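J.:
Residue numbers (this note's numbering): 321 to 697.
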C-alpha cells in the first residue's frame, strides 16, 4: 500500500471512529435545566416530604419527585424543581456530596429540552437513531420543511448518552406528514431511522395530535417503532410505511418520567409485558398492530379465555413503554390493564396450564405507575 493510500485509509478509519462515538447530552445544542436537580444515590427510606425539607435550604421548591430504582437495592433517585435558578444553585452547592440519612447523595443538573407551546404543534417520533446523533444533527435532517420548530433527542439521565430516539415538532400537520413520508427509512449517520406520529390522531380530518409533554425530560419518551419481520409466525403484516389515519388504534403519548420509573421496577432481563382485561372476542390481528408500536416482538401468547396476553419484546425498555402506554387504554369497549410479566421457565411440562394473572395495580393519573407485581405466563 502506498503512503498516500495508507494516509487515506487512516483518515477514513479515524472518521468512522469519530462517527461512532456516542454523543453526550450536553453536546449538540442540548442544555441542562437551571432549575431542576437530579439527586442520585438517595436513601430508600427518604420520601418526598423528607427530601423537600432537606432541599429547602436552597429556597422555595416547586416540585419534588422520588423514583424507585428496582435495579439498585441500596438507593433511589429523585428530581427537585425550584422556582428560581439561584435557589437550585444554592442547593446544589450546599448538598452535593453530603450524607442524607445513610447515603452520600450525588447531585447533577437535570437535562431539560426547550419547551414550546404544544397546543398547535404536531410531533413525530424518530427511532433507531445512531449513538452519535445529537439534536443539531436531528434538526438538520428535518429543518428543510417550512414549519419545523425543534428536535429533541431523548437522553439517559445517569449516563448522559442518547437513548436512540427523539421527537421532532412542526407547526402544521401537513408539513409533519410530508416530513414523515420523506424521512421514513432515511439513512442518518449510518442507520435507517423510523418515523411515526408521536401521539394519537383523534380523527381523519381534525387530526391534531396531543403533544408529548411529560414533566422532567430526563426519562424515556417513546421507544423504537420496529415491526415484526414479514413472514413471522404471528401472521401480522409489518407496516411498510407511515401509519395511516384510519387503522389500528394508536397509543397516546406517555410521560417520560413514568416510563423511566417503570423501567426500574423490574430487572433488565425481564422483557415481557402483561396485558389484561382484553375482550374475549379480540383476535391476534387486533392486538398485534397495537403492540408493535412499542418495539420488536419476539414472542406473543394470547389467552382469549382469560382475557389476557403476554408480549415478549426485544428489550426491557420496550416492554416498559408498552406497560405505561397501554395502562387504562380503551380497547374494543374495555380498559386495558398492564404490568410486568414473569419470564417463562425454560421447561414447561406437557399440558401445563399457565397460572391466572393477578390484577395489576393501576397507575395514578399523571403520576408514576405503581405496578410492582409480576404476572405469571
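Glycine residues also receive a C-beta, built at the ideal position from the N, C-alpha and C atoms. The structure presented is a predicted model; accordingly, all values stated were derived computationally and were not measured.
Tell me, which residues are paired with residue 657 by DSSP?
T.: Partner(s): 596.
J.: Which stretch, first to last residue, makes up the beta strand (DSSP E) that contains residue 622?
T.: Here the beta strand (DSSP E) through residue 622 covers 617 to 623.
J.: I need the straight-line Cα distance from residue 421 to residue 388, nearest angstrom please.
T.: Between residue 421 and residue 388, the C-alpha separation is close to 17 angstroms.
J.: Suppose you measure from the CA of residue 592 to the CA of residue 631; what does that come to, to the nearest Å?
T.: Going from the Cα of residue 592 to the Cα of residue 631 covers about 5 angstroms.
J.: Run the CB neighbour count on residue 444, radius 10 Å, all protein chains shown included, and call it buried at 16 or more, exposed below.
T.: The residue in question, residue 444, is buried, as its Cβ has 16 or more Cβ neighbours within 10 Å.
J.: In the DSSP assignment, find the unbroken beta strand (DSSP E) run with residue 516 in it and report its ends.
T.: Note, residue 516: beta strand (DSSP E), 514 to 517.
J.: To the nearest whole angstrom, what separates the beta carbons of residue 616 and residue 659, a pair I think is in contact under 8 angstroms?
T.: At roughly 21 angstroms, the Cβ-Cβ gap does not stay under 8 angstroms, so residue 616 and residue 659 are not in contact.
J.: Excluding the five sequence neighbours on either side, which residues of its own chain have a C-beta within less than 7 angstroms of the C-beta of residue 412, listed in chain order?
T.: Answer for residue 412: 357, 427, listed in chain order.
J.: Spell out the partners DSSP gives residue 401 in its beta bridges.
T.: According to DSSP, which records beta bridges pairwise, residue 401 is partnered with 356, 383.
J.: Can you pull the DSSP bridge partners for residue 307?
T.: Here the chain comprises residues numbered 321 to 697, so residue 307 is not present and cannot be evaluated.
J.: Looking only at C-alpha atoms, which of 596, 649, 576, 652 sits nearest to residue 637?
T.: Among 596, 649, 576, 652, the Cα nearest to that of residue 637 belongs to 576.
J.: Could you give the first and the last residue of the continuous beta strand (DSSP E) run that contains residue 632?
T.: Per DSSP, residue 632 belongs to the beta strand (DSSP E) from 628 to 633.
J.: Looking only at its own chain, which residues have a Cβ that is under 8 angstroms from the Cβ of residue 410, when we skip the five neighbours before and after it?
T.: So the qualifying residues of the chain are 377, 378, 379.
J.: According to DSSP, which residues form a beta bridge with residue 485?
T.: Answer is 447.
J.: Flag this pair as yes or no: are the beta carbons of residue 472 and residue 462 separated by less than 8 angstroms?
T.: Cβ distance not < 8 angstroms, so residue 472 and residue 462 don't count as in contact.
J.: Let me know if residue 365 comes out buried or exposed under the rule of 16 or more other beta-carbons within 10 Å of its beta-carbon.
T.: Looking at its Cβ environment, which holds fewer than 16 other Cβ atoms inside 10 Å, residue 365 is exposed.
J.: Could you name the residues that DSSP lists as bridge partners for residue 472?
T.: According to DSSP, residue 472 bridges with 487.
J.: If you check the beta carbons only, do residue 361 and residue 446 fall under 8 angstroms apart?
T.: The answer is no: Cβ separation not under 8 angstroms.
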